[in-house]
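Working notes, beginning with the structure itself.
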Amino acid sequence: MIGAQVFVEPGQTSEETEQWFKMMKENGMTICRIRMFESYMHKQDGSWDFSLFDRAFKMAEKYDIKVMGTFFPATDKTDIGGWKFPKDNEQLNSFSEYIKQLVLHFKQFKSLYAWVLINEPGGGLQNNEFAREMRLEWNKQNPQPEYLPNGYPVLVDLQEYRFKRYMTSWMLKWIADEVRKSDQNVNLHVNNHAIFSNFQEYDFPYWRTFLTSLGGSAHASWHFGQFKRDEYALAMSANSEILLSGAGNLPWFMTELQGGNNTFSGMNAMCPTKEEIIQWLWTVIGSEGKGGIFWSLNPRASGIESGEWALLDFQNQPTDRVQAISELSHCINENAKLFGSLKKVETGVNLLYIRESQWTEDIITGGLKAATDGRKTELSDLLGYFQSFSEMGITPNIKAWEEFDFNKNDYRGTIIILANQIAIPNAYTSVLENFVSKGGQLIADGLTGYYDENVHNSMLTGFSLKKLFGGEISEYCFIDSVKQFSLVGCNESVPGYGWKGFIKPMPQSLILSKEGDKILASSAKFGKGEVIWVPSLLGTAARKEGSKPLSTWLMKVCKVQVPFQFSAFQKGLLMKTLKSDDGYLTIIVNKSKEKKVLVITKQDSKLISSLLFANFGGAVSGSQLTIHPEETIVVYWK
Amino acid sequence: MIGAQVFVEPGQTSEETEQWFKMMKENGMTICRIRMFESYMHKQDGSWDFSLFDRAFKMAEKYDIKVMGTFFPATDKTDIGGWKFPKDNEQLNSFSEYIKQLVLHFKQFKSLYAWVLINEPGGGLQNNEFAREMRLEWNKQNPQPEYLPNGYPVLVDLQEYRFKRYMTSWMLKWIADEVRKSDQNVNLHVNNHAIFSNFQEYDFPYWRTFLTSLGGSAHASWHFGQFKRDEYALAMSANSEILLSGAGNLPWFMTELQGGNNTFSGMNAMCPTKEEIIQWLWTVIGSEGKGGIFWSLNPRASGIESGEWALLDFQNQPTDRVQAISELSHCINENAKLFGSLKKVETGVNLLYIRESQWTEDIITGGLKAATDGRKTELSDLLGYFQSFSEMGITPNIKAWEEFDFNKNDYRGTIIILANQIAIPNAYTSVLENFVSKGGQLIADGLTGYYDENVHNSMLTGFSLKKLFGGEISEYCFIDSVKQFSLVGCNESVPGYGWKGFIKPMPQSLILSKEGDKILASSAKFGKGEVIWVPSLLGTAARKEGSKPLSTWLMKVCKVQVPFQFSAFQKGLLMKTLKSDDGYLTIIVNKSKEKKVLVITKQDSKLISSLLFANFGGAVSGSQLTIHPEETIVVYWK
Amino acid sequence: MIGAQVFVEPGQTSEETEQWFKMMKENGMTICRIRMFESYMHKQDGSWDFSLFDRAFKMAEKYDIKVMGTFFPATDKTDIGGWKFPKDNEQLNSFSEYIKQLVLHFKQFKSLYAWVLINEPGGGLQNNEFAREMRLEWNKQNPQPEYLPNGYPVLVDLQEYRFKRYMTSWMLKWIADEVRKSDQNVNLHVNNHAIFSNFQEYDFPYWRTFLTSLGGSAHASWHFGQFKRDEYALAMSANSEILLSGAGNLPWFMTELQGGNNTFSGMNAMCPTKEEIIQWLWTVIGSEGKGGIFWSLNPRASGIESGEWALLDFQNQPTDRVQAISELSHCINENAKLFGSLKKVETGVNLLYIRESQWTEDIITGGLKAATDGRKTELSDLLGYFQSFSEMGITPNIKAWEEFDFNKNDYRGTIIILANQIAIPNAYTSVLENFVSKGGQLIADGLTGYYDENVHNSMLTGFSLKKLFGGEISEYCFIDSVKQFSLVGCNESVPGYGWKGFIKPMPQSLILSKEGDKILASSAKFGKGEVIWVPSLLGTAARKEGSKPLSTWLMKVCKVQVPFQFSAFQKGLLMKTLKSDDGYLTIIVNKSKEKKVLVITKQDSKLISSLLFANFGGAVSGSQLTIHPEETIVVYWK
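Protein chains in written order, with our numbering: chain G, 16 to 653; chain C, 16 to 653; chain R, 16 to 653.
Next up, the structure:
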């Protein structure tokens, strides 16, 4: 399921249109997206003229390409992203009519594969008639008390965040319901975006109830601002893991990937290389993604963004990026059975994110210097852990709290990392206790648990995690620059950022790090499991200073059991491991500047390697891999 | 009078409350502040319930702690700083009722020491009904003419600034009057803040008429943005001097000092060290301050700033910062008689600030590049002089124009420095002439006198200071980078910043510095005194480049007679000197990175030194002092 | 025609006023400007009192100084620049009355030379009653279709920009018409400003129909922000060329030049040196300018900008800048006949700017990161070419598209450079084809031709320049850092910035540069001429990295025939060449840090050099020139 956005707009010719679908067919692309502009269908007299889009759907049929139509109700001509919520009931009703017209009309095409409910939900709720009415209703169901049961006043509230999250899901469900009124069978999909900021607004488990697949936009120059260009593969890997977890049992694929040069649009101008195209697609597939759709096949010709982003050149000829897609597609087709059966290999490592943490951080740094001087961290700490595992060839899960299965009876071999999750709802304590007591390992860093879900400081209102963590914090002290932590059992010191916390341990705790008589890190058994607590931003420091020390420490303290990993830390490399019916697939990307000859440590020594894909002459020989800078290698182990 | 803010809010237990007062008692703290939230007393049905605060006042009595209650009338729950002015008469009346209720109710407690009229006056005047009505009234008394008597038009005016200053004083007086309606005896106090910006809004001499003591907030991470962290002791010294001068014959103390870590609040995150706590308190005391109150003893638990700023840890146990306070308090108690009789030793050096200068600079750089490219200087030039003396162990006065006593008959030995006081009201000329003619020494730098009090350029409308300064400026020329000035009688060249001015001297003037045929600095006798004029920003350059050259020059040209000073320039050190009934006290702080062995030059060679306090093993032997980095040493000379 | 602004305001004395005119007379100044404040003439009772200004006009007569009066209708006292458009018809009518009063009254003075229609037109159109009414009317004449004839929708439009440009011209014409109602003979002049941004708003050819001379403000600290200080002479040269071209057959002179120190006003504070004063004036004269007027002779005394900008010092005495003017004026007077007959020597090189390019760039980067990260280029690319020629001693024309004469029959020896002109109206293609086919040489770089005049991407909607350029672009790819282009026939590689374009050449094209199999530059014959195409920002790179490589390449590919040029590239130098009746004048400025001994290559070896002016002892001997840093030298060749 690899493809691209066909951008349809008036002025284009039939010949061009056919050329685009022909190009896709010839280059191994099997699916496309089309933005279904109401403005180009709904005439001023109220009538509908679908001909411009019919032409594309027919060409799709002719060349055996599946179409995902993205709803795009009428908006200002300068509104390039479209609206996410209507401004009033009239616009909502008009949207309903638009959906009905489209669903009924395009049902006729065999090429129709799915509807994308709205382009990139997230953000966009305005203070308008519609929102105010919905809020009034919601407030009735979700009143905010002035005081909490413990007597403390609620001085700032997260209601706005809660309501926005509710509305994003409400809107998607409403659209899905509208479609289902006219078509019970068509696939439904949605592409969230800018995941490293918007994650806190989504409710993937709920979305699963009305979607048939989950997707996302991972548009490097728009969405990877927290990463340097040579970290975009890492960013794609993290983004993919968040979606994989979000999708649950649904399939997922990357709905939007940058296809070509951005000239004046986007945040960080660039033209993706063919190597990056390969890296991104394989990384998605290595995260159990069913494929990827590039934005876009052809560039739009009118207005802002015209001439940008495309896979085809201005003469509608394939660029080297298309050739790269074609080669990758060829590899997959040659091994169709294998690629049909892949599942991500479970590492047992789970980086959990708790949306209340992000909401709290957002509100508590609002408009202050803390918003820009490094104290606002978003997911950076979590991503530092992700990187630390990744550069050992291990890909942890990244999961919303709600997506983790807390209902098992045995968590031995399972690790949860709470990386600077500053706000933990009180009710989560017993859930975490249950997890650890049944054998789970919990690692907490930074200000994890500093607040509850109502912006009360848990250190003061009663630290409910005390029993589990084996202690409490006496003080957090700001550290001006990166601080080196000596941690018991680790030869290399691990840098921390932001704060150091002084732990008052309970008697049963082990001390992992001290500074004078202050205890900076500890561990504690709890039931069959244990908790490791380093109240400083180790992940953030790993992002800033390099992840080797954190990686070294994590390899020591985490009992990670994986079929494959790098035999040593590999700066700039990543590996994704999948299980097939009869073996394993490992996908390795080299973003370092050097050619690497490295050894893969495998659990099962009997497995024999064979090379499925390499784009710079990389090779595998037994467990030894040769991989060039920018190269992606796919190895099959049986 | 050392203490801390006890933060009282619903949800706290009686046990906690008692613990806090007990902790203060045990650690040498004798006074606390309490923010008197109307929101937690005034019930929705209009009734008053003081019980939450009664509990604290009773505990204060039990542990013999004095309480300063800070008025905090009802405001939005997210309004962390409270309002400074009411929005309308209704709110003013409601404030009146609040004051009456509180004053009458809390009168009963022996622990009640004073009311703080409002938290941190300064700024906060909005364009609302209340302000507009007051302004109409004020305008009648303070009309702004379209043309001045000299014929020039008034094109920009400082009325807004004048009105704001008036209102800040009006409001404080109004509150004081409201209190006095119900209590004739209680102490009245106010804590101004962010003094290095807000100084221009205050009228301390007027405030003395209704206050019983003056105070201030010198909250390092909020208010010392113009200083680096290793200059915070210097900043505290300068802040203290401004308050000492402002207080006149009233006692003063530092009402708010940062007590603990700031996490997300504040401008520059940090956790004060115990050494800084010591430095700040001794610096306040060295400026004749009666003590200091930390913000806060305990952290608030709810909302923004929860968990921050505290002296106690999250378990209500004393941190090392509390221990430091305790030691200092112990030292003072052991020498109670001595500390009861201290007066700052007069150095004769007065850095005067003229608020019209700041207003003019503010308006003339408004919204322009000059606001951010270094041309807007605020107090930086003055502070450069302060630092230059300070690093010689001499602490000049910093005085508002109104606070200096211009009514003496003899100013021999007295020095006034006008550091880039760009606007000097015309009426001040004769005052300065009187000062110099009676033996005073006047040093003027930068653009001093460039404007009058109506933003007319005095160079053009008639430079009334010509006779006094012994010349006039022909041109000011911008200098791109720091310029070295060779000054007669000084081996070392002194760096200047911003502008060089070309002086056209009168015949009697001496030339101090030339560039080709341009005269860059001069001096002139006037009556029994003299004026030294270097029209470039020497102080600002000292702040940027180090103060040694300026210090060297000042030591040559100023006839400073002090009982103690460093025998040589000491970068990063400061010394405050107090006179007791029978001797002297010198407080020395070492903010350099090295251990220093230095010699104190004393006027009276018979004085014998003894060590009262040293927190890193520092020592005094005769006139030789050994002081370690971050150490504070207190020496008693008799 | 060298002079200065006499700033007239109430409060000044008759003595001062006379002193100013006397000073001008004594120092070779023959013209002044006066801002004609309505506020100081129009009394509150409706009567007019011109006496303040009469005094100045009379003094002008006495000292034989010509006066240019600048209209300055009543505005708020804080509105330092005045308004450019009225807010409603009432204000327009009031402006009409003001013009009538002034024109009729000041007609009586022989000293009246001209009216300046408005100070610095450009910008300033507000969304007010007046503008909305005018827009409604304009819209009728200039409707914007929803779709273009080629079927593509118009998604963003440039109507706002078109309307603003229209209004700026409309307003000037309206004022001119108002003057002509009362005076048929007086000169009319206008000074545009900030030319490097505002160029796109002006319509000089139309202005010629009602002006008698064109002018400009080239106020270094306000308007040369894109240049470093040592490039201000270069900036003055470019600014002058734009005005020379704009003036057509009208005379032009620089209406406003920075005369003195700016303290708090302006963007980049500085005091011009006497050398800069000389450089600027000679550069203007070297661009066929009739002279220059400094802002200002005397400083204003009131309000913002008081004390700033002046040539005279605060005692109304001449500074060394006035002496410099005097010397230059003396040189001109001594050679009056020569200077009366000068015409710029035509180099044949034309840097054309197309205003739609700027409008498109502006709208397409609006509010995006591209506005600040280097992708928005304004004129920087064009200026890089200007500098590259200039440092060879050659001064190209800078012309608006409309100002170039496209109606000739032979363009051999004529070069047009389109430097990153991103939007080219479709109709211009045949015009350019005609130019090249008749022997012209066209050089295009960057994204030239990327859009049409309706923000459609020409690469997609049909690249009409394909035949002319000998190819089309397949892709533009962003380049992260400066890229070195190897260009056929040039030993030195030439740096490019921003983008590289891959050319698909037509068979007849020559390949000038390749990267692998990608073609990065090409040339093509077309009729009798040729087109050279390097689709990367060579000019921008020259501005950033130094212009020597681009200069070297241009010297190779352009067949520039000029009577004089440097024999080798001279970093930091410029030369302007003029033709007199019987010879040539060359003006050379040395902004490098070193003394230079350089050789001038002259076409006519018989010409004999003689030195007319040198301000640091520079000399000419045959073709060899010695010139010191900051020196300006004028050589006469006969």
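Glycine included, C-beta positions come from ideal geometry on N, C-alpha and C. All values reported here derive from a predicted model rather than from experimental measurement.
Could you say which of the options lies nearest to residue i if we only look at CA atoms?
{"i": "L593(G)", "options": "P510(G), E361(G), L259(G), P333(G)", "result": "E361(G)"}
{"i": "N422(G)", "options": "K610(G), T270(G), V451(G)", "result": "V451(G)"}
{"i": "D460(G)", "options": "M39(G), W297(G), L397(G)", "result": "L397(G)"}
{"i": "L229(G)", "options": "N276(G), P136(G), S280(G)", "result": "P136(G)"}
{"i": "E560(R)", "options": "T278(R), G399(R), Q106(R)", "result": "G399(R)"}
{"i": "N276(C)", "options": "G513(G), S395(G), T555(G)", "result": "G513(G)"}
{"i": "F225(R)", "options": "G240(R), I257(R), L265(R)", "result": "L265(R)"}
{"i": "L327(C)", "options": "Q20(C), I648(C), T641(C)", "result": "Q20(C)"}
{"i": "C346(C)", "options": "E646(C), K58(C), Q34(C), F628(C)", "result": "F628(C)"}
So which residues on chain C does residue i lean against when the C-beta distance must stay under 7 Å?
{"i": "D328(R)", "result": "S489, E490"}
{"i": "Q159(R)", "result": "Result: empty, since nearest Cβ-Cβ is about 35 Å, beyond 7 Å."}
Distance check for residue j and residue i, CA to CA, integer angstroms please.
{"i": "S341(C)", "j": "H204(C)", "result": "25 Å"}
{"i": "M44(R)", "j": "R315(R)", "result": "20 Å"}
{"i": "A262(G)", "j": "G306(G)", "result": "14 Å"}
{"i": "K571(R)", "j": "Q332(G)", "result": "35 Å"}
{"i": "Q639(C)", "j": "K610(C)", "result": "13 Å"}
{"i": "N42(R)", "j": "C286(R)", "result": "20 Å"}
Specify, as a first and last residue, the run of the alpha helix (DSSP H) that residue i falls within.
{"i": "D460(R)", "result": "That residue, D460(R), is in no alpha helix (DSSP H); its beta strand (DSSP E) goes 456-460."}
{"i": "T463(R)", "result": "Neither: T463(R) is in no alpha helix (DSSP H) and is coded neither H nor E."}
{"i": "M149(G)", "result": "144-156"}
{"i": "P564(R)", "result": "563-572"}
Could you list which residues in chain G have their beta carbon closer than 7 Å to that of residue i, in chain order?
{"i": "G322(C)", "result": "Y465, N472, M474, L475"}
Excluding sequence positions up to five away, which residues of its chain have a Cβ less than 6 Å from the Cβ of residue i?
{"i": "Q159(C)", "result": "D172, Q174"}
{"i": "E490(G)", "result": "F517"}
{"i": "W652(G)", "result": "G598, Y599, L622, S624"}
{"i": "I292(R)", "result": "R336, A339"}
By Cβ distance, which residues of its chain are closer than 7 Å to residue i, with the 5 residues on each side in sequence left out?
{"i": "C505(C)", "result": "T567, W568, K571"}
{"i": "E417(R)", "result": "P220"}
Output, in chain order, the set of chain R residues within a Cβ distance shorter than 9 Å of residue i.
{"i": "I518(C)", "result": "Correct list: empty, because the minimum Cβ distance to chain R is about 11 Å."}
Taking Cβ-Cβ distances shorter than 8 Å, what residues in chain R pair up with residue i?
{"i": "L433(C)", "result": "Near L433(C) there are no residues of chain R at all, since even the closest Cβ is about 18 Å away, more than 8 Å."}
Looking only at its chain, what residues have a beta carbon closer than 8 Å to the beta carbon of residue i, apart from the 5 residues adjacent to it on each side?
{"i": "A557(G)", "result": "G399, Y400, Q402, S403, P510, P564, L565, S566"}
Since residue i meets chain G, which of its residues come closer than 9 Å, beta carbon to beta carbon?
{"i": "Y162(R)", "result": "P25, G26"}
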